[in-house]
Amino acid sequence: MTEKKVLLDVQDLVLHFRTTRGPVQAVDEVNLDLGYNDAVVIIGESGCGKSSLAKAILRLLPRNVQTYKGTVNIGGSDIMKLGDEEFRRNVRWVKISMVPQAAMNALNPVLRVGDQVAEPSIIHSGLDKKEAMRQALKMFDLVGVPQDFAPRYAFELSGGMRQRAAIAMSLVTTPELIILDEPTSALDVLTQANIFNVLKRIKQELGVSYILITHDISTSSELADRVAVMYAGQIVEVGSAADFFPAPLHPYSQKLMASVPRLRTDIEPEFIVGQPPSLLNPPTGCRFAARCPQRFDRCAEEPPTYDRGGGRKVKCWLYA
Amino acid sequence: MSVEEKIEATPAQAEAKQNGALLSIQDLHVWYELRRFGFGLAGYVRAVDGVTFDLGYGEAIAVVGESGCGKSSLMKTILGLVKPTKGDVVFEGQSVSALRSKEMRWYRSNVGYIQQDPYGALAPFMSVQGILSEPLIINGIRDRVERNERIHKVLEEVKMHPVGDFIPKFPHMLSGGQQQRVVIARSMILEPRMLVADEPVSMLDASVRVEILRLLRGLQESHHLAVIYITHDLSTVRYFSERIFVMYAGQMVEKAPVDTLLNRAAHPYTHALMEATSDPDAANALKFRDVPPGEPPSLVQPPSGCRFHPRCPHMIKDLCDVERPPEFEPEPRHQVACWLLR
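These protein sequences, in sequence, are chains A and B.
Each residue of the first sequence is one higher than the one before, counting from 52 in the working numbering.
Each residue of the second sequence is one higher than the one before, counting from 376 in the working numbering.
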């Protein structure tokens, strides 16, 4: 793959939440970069901090944040330095938008779907109402929602149509980066395949970039140019899809890949013994060590991230 | 039914296997009435429309279909929670819809139910001990010592080690996988002969999913249980069941043994489901999936003829849209309701 210009560069991003039982280290020194018209998939199990990472990038934070630091460069400027109001006006939905998890509940039940999809262009692009609606209908065409659905309410739409409307809403201000947080986890397989077709077409036609957050390795391969595996708040492996899917490097990625039930090959899937550590008090050293079949003495210390060339990085002592 | 009687029933079970089916679903129709402002019939939701199959002793089957295809209504009817509009559910020669309350208790102690969302299925104010005691108390096991013994035994079986640590815990103290184990333990504690598992792993993480499926498979084999595994995920069925039934819009469109279905699926809808199921492969990102557009039809006014015809790429005009296809049998034990096989 040719070297791409960098659209998003996240460095040492930290997000810790304050709780009564101590800080929860949801995102811990995460590094991630993304080119133009590129798609990176963040794979991880529930509670690994993948949704928190999305929220940290978009700065959609709850009140109990204890630590929030690092740099997030988009198109060359560090958006972490911006004030909240400036961030809202110039970054959110202008440069980065998001399709939230469970689009069912993400739509406002008392607003017509068309008005909701048009709203970001009124607020962020300064269009008037008519112009914004025209833009919204254009997006409806793109994602495959019939235009006469615009005056309907969310409850009148099926799950797949609601998800398409949420995608339309993320596109309407023509951002360069869209964060998709489990966009199809509540949908049926045929609807899911149709939505992925829509996302692929949008990527080709509009040249947007995606960060796809998912726990499902099989469907993640539908969109991935590159893959990042997250475990207990840290990214443990990054690589191109072509490298990663046939042969993951990190023992956790390997185990996760082995746990995927497959339709087309008759391999008995395995499971990972034990549970992910609590992010309240993550173990020192490698966080996967307790469940790792290949652990050795050195795993008591935290491994650095080794660069294996070709954009492939892995945080494991085995590759020292 | 007391414990002694149930133990006696066990050898008969093996014998009865030769004689036929444990559960027999005969031309089952489940229609829900639609009422206009509470008065007057506005029509029916035809959730299950003419489903027939037999389940043998100790056999595991999977019912695969999308949401709204009627698989949950089918399950509820099998559990006796919904009365069939037409047709019958017959368990060991007894019609389930005709059971009275006492016989219903016998039936329910013979049929375990594993819910989809373990956290929603467990009462948050009850400990594991309380959750597992309740079915025993209801079924007349008054002796506390015996109850505790059975709770220990069933928790061993679902591999909650060490058992003693888990017994006083409340559901919120358990991980998703452990909660699902408690749900399975509850379904197993009355030593049923059949389990109905409604998407038992869809809420769990990938690494735990296989563990739970393997546990269920182990229980099915060691206890010679009949299992109905309801799922939307074709990729998990091959590790679990012997036969697969594919359901679309309230009807069974294809029934076949697992290997036959995965290698020689005949119905266009089954093909579409398989096409839409991905395996982890970097090549997936480079191609578009050839899946039919649109969504499953409304069950209030389902399409005439074959219910898949509006979305089907092989639709035969004036046949598929007019007449409901009968079941064709391209090979033994493989039934397909599709005109392409005429």
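C-beta: ideal position from N, C-alpha, C; glycine also.
Bear in mind the structure is a predicted one, so any value in this text is a computation, not a measurement.
When the Cα atoms are used, what is the spatial distance from M190 of chain A to I147 of chain A? Looking up residue 190 of chain A in the first sequence gives position 139. Looking up residue 147 of chain A in the first sequence gives position 96. Their Cα atoms are separated by approximately 17 Å.
With 8 Å set as the bound, which would you pick, yes or no: does the beta-carbon of I198 of chain A sit closer than that to a beta-carbon of chain B? Translated into positions along the first sequence, residue 198 of chain A becomes position 147. Looking at the sequence shown, residue 198 of chain A is not Ile but Gln. No, Q198 of chain A does not count as interfacial toward chain B.
Check whether the Cβ of H536 of chain B lies closer than 8 Å to any Cβ atom in chain A. Here residue 536 of chain B corresponds to residue number 161 of the second sequence, with the count starting at 1. Chain A contact via Cβ: absent.
The beta strand (DSSP E) that contains Y419 of chain B, what's its start and end? Along the second sequence, read from residue 1 onward, the residue named residue 419 of chain B stands at position 44. Counting along the chain, the beta strand (DSSP E) containing Y419 of chain B begins and ends at F414 to G431.
Let's test the definition: count the other Cβ atoms within 10 Å of the Cβ of P320 of chain A and tell me whether it reaches 16, buried, or not, exposed. The sequence position of residue 320 of chain A within the first sequence is 269, counting from 1. The residue is buried, with at least 16 neighbouring Cβ atoms inside 10 Å.
Under 8 Å between beta-carbons, which chain B residues line up against F247 of chain A? List them in chain order, please. The sequence position of residue 247 of chain A within the first sequence is 196, counting from 1. Neighbours of F247 of chain A on chain B, chain order: R664.
Using a Cβ-Cβ cut-off of 8 Å, state whether P234 of chain A counts as contacting chain B. Within the first sequence, the letter at position 183 stands for residue 234 of chain A. No, its Cβ sits nowhere closer than 8 Å to a Cβ of chain B.
In chain order, what residues of the same chain have a beta carbon less than 6 Å from the beta carbon of E273 of chain A, not counting five sequence neighbours either side? In the first sequence, the residue the question calls residue 273 of chain A occupies position 222. So the list reads F247, once near-sequence residues are dropped.
Quick check: the stretch 594-614 of chain B against the stretch 308-322 of chain A, are there 3 or more CB pairs under 8 Å? yes
Along the stretch 606-637 of chain B, where does the CB come closer than 8 Å to a CB of chain A? Name the residues. H607, D608, L609, S610, T611, R613, Y614 and L637
Quick one: any contact between the stretch 166-182 of chain A and the stretch 105-117 of chain A, if contact means 3 or more CB pairs under 8 Å? no
Given L570 of chain B as reference, the closest of B:A660, B:F466 and B:V666 once Cα atoms are compared: Within the second sequence, the letter at position 195 stands for residue 570 of chain B. Ranking the options by Cα distance to L570 of chain B, first place goes to B:F466.
For K458 of chain B, which option in B:R475, B:Y488, B:M690 and B:E670 has the closest C-alpha, if you only look at C-alpha atoms? The count along the second sequence starts at 1 and reaches residue 458 of chain B at position 83. Among B:R475, B:Y488, B:M690 and B:E670, the Cα nearest to that of K458 of chain B belongs to B:R475.
S399 of chain B bridges to which residues according to DSSP? Start at 1 with the first residue of the second sequence, and residue 399 of chain B comes out as number 24. Answer by DSSP bridge pairing, in chain order: B:D429 and B:V465.
Please report the Cβ distance between A157 of chain A and A244 of chain A, rounded to the nearest whole angstrom; I am assuming they are in contact, meaning their Cβ atoms lie under 8 Å. As a first step, residue 157 of chain A is located in the first sequence; it is residue number 106 there, counting from the start. As a first step, residue 244 of chain A is located in the first sequence; it is residue number 193 there, counting from the start. That belief does not hold up - the Cβ atoms of A157 of chain A and A244 of chain A are roughly 21 Å apart, past 8 Å.
Using a 10 Å radius around the Cβ and a threshold of 16 neighbouring Cβ atoms, would you call I512 of chain B buried or exposed? Here residue 512 of chain B is taken as the residue at index 137 of the second sequence, counted from 1. Exposed: under 16 other Cβ atoms inside 10 Å.
Is N514 of chain B near the ligand ZN, in the sense that its beta carbon is under 7 Å from a heavy atom of that ligand? The ligand content of the structure shown is nil, which means the ligand ZN is not present either.
Answer yes or no: do D402 of chain B and T427 of chain B have a C-beta to C-beta separation smaller than 8 Å? Mapped onto the second sequence, residue 402 of chain B falls at position 27. Mapped onto the second sequence, residue 427 of chain B falls at position 52. A contact, by the Cβ cut-off of 8 Å.
Within the same chain, show all residues whose beta-carbon is closer than 8 Å to that of Y357 of chain A, passing over the 5 residues directly before and after it, in chain order. Counting from 1 along the first sequence, the entry for residue 357 of chain A is found at position 306. Excluding residues within five positions, the ones whose Cβ falls inside 8 Å are K364, V365, K366, C367, Y370 and A371.
Would a C-beta distance cut-off of 8 Å place P688 of chain B and A641 of chain B closer than the cut-off? Taking the second sequence and counting its residues from 1, the one referred to as residue 688 of chain B is at position 313. Taking the second sequence and counting its residues from 1, the one referred to as residue 641 of chain B is at position 266. Going by C-beta atoms, P688 of chain B is not nearer than 8 Å to A641 of chain B.
Taking the alpha-carbon positions, what's the V92 of chain A to Y204 of chain A distance? Start at 1 with the first residue of the first sequence, and residue 92 of chain A comes out as number 41. Start at 1 with the first residue of the first sequence, and residue 204 of chain A comes out as number 153. Roughly 32 Å separates the two Cα atoms.
Could you please give the first and the last residue of the uninterrupted beta strand (DSSP E) stretch that includes M190 of chain A? Translated into the one-based positions of the first sequence, residue 190 of chain A becomes position 139. That residue, M190 of chain A, is in no beta strand (DSSP E); its alpha helix (DSSP H) goes K180 to V194.
Counting beta carbon pairs with one atom in the stretch 259-277 of chain A and one in the stretch 672-685 of chain B, are three or more of them shorter than 8 Å? no
Run of the alpha helix (DSSP H) containing D166 of chain A, from where it starts to where it stops: On the first sequence, residue 166 of chain A is found 115 positions in, with the first residue counted as 1. Per DSSP, D166 of chain A is one residue of the alpha helix (DSSP H) stretching across V164 to H175.
Taking the straight line between their C-alpha atoms, what separation do you get for A275 of chain A and K662 of chain B? Here residue 275 of chain A refers to the residue found at position 224 when the first sequence is read from its first residue. Here residue 662 of chain B refers to the residue found at position 287 when the second sequence is read from its first residue. Straight through space, the alpha carbons of K662 of chain B and A275 of chain A are spaced by roughly 12 Å.
Whole-angstrom distance between L416 of chain B and E408 of chain B, CA atom to CA atom: Your numbering for residue 408 of chain B matches position 33 in the second sequence. Your numbering for residue 416 of chain B matches position 41 in the second sequence. When only Cα atoms are considered, E408 of chain B and L416 of chain B end up about 7 Å apart.
Which class does F620 of chain B belong to by DSSP, given the choice of helix, strand or coil? Here residue 620 of chain B is taken as the residue at index 245 of the second sequence, counted from 1. F620 of chain B: strand per DSSP, three-state reduction.
In whole angstroms, give me the CA-to-CA distance for Q555 of chain B and Q491 of chain B. The count along the second sequence starts at 1 and reaches residue 555 of chain B at position 180. The count along the second sequence starts at 1 and reaches residue 491 of chain B at position 116. Taking the straight line from one Cα to the other gives about 9 Å.
Would a check of beta-carbon distances place L648 of chain B closer than 8 Å to chain A? For this step, residue 648 of chain B is matched to residue 273 along the second sequence. Answer yes: the Cβ-Cβ gap between L648 of chain B and chain A drops below 8 Å somewhere.
Identify whether M690 of chain B lies in helix, strand or coil by the three-state DSSP scheme. Start at 1 with the first residue of the second sequence, and residue 690 of chain B comes out as number 315. Coil, per DSSP.
Amino acids of chain A, ordered along the chain, whose beta-carbon sits closer than 8 Å to that of A581 of chain B: Locating residue 581 of chain B in the second sequence gives position 206, where the first residue counts as 1. Near A581 of chain B (Cβ distances below 8 Å), the residues of chain A are E96, H266, D267, I268, L307, S310 and V311.
Taking 8 Å as the cut-off, decide whether the C-beta atoms of P667 of chain B and E441 of chain B are in contact. Counting from 1 along the second sequence, the entry for residue 667 of chain B is found at position 292. Counting from 1 along the second sequence, the entry for residue 441 of chain B is found at position 66. No, the Cβ-Cβ distance between P667 of chain B and E441 of chain B is not below 8 Å.
Determine whether the Cβ of A651 of chain B lies closer than 8 Å to any Cβ atom of chain A. Here the question's residue 651 of chain B lines up with position 276 in the second sequence. Cβ-Cβ to chain A under 8 Å: yes for A651 of chain B.
Less than 8 Å separating the beta-carbons of Y604 of chain B and A437 of chain B? Numbered from its first residue, the second sequence carries residue 604 of chain B at position 229. Numbered from its first residue, the second sequence carries residue 437 of chain B at position 62. Yes.
If you reduce the DSSP assignment to three classes, tell me which class Q285 of chain A lands in. Taking the first sequence and counting its residues from 1, the one referred to as residue 285 of chain A is at position 234. Residue state, collapsed to three classes: strand.
Determine the direct distance from the alpha carbon of P333 of chain A to that of V123 of chain A, and round the result to whole angstroms. To locate residue 123 of chain A, count along the first sequence from 1; it is residue 72. To locate residue 333 of chain A, count along the first sequence from 1; it is residue 282. V123 of chain A and P333 of chain A: Cα-Cα distance of roughly 25 Å.
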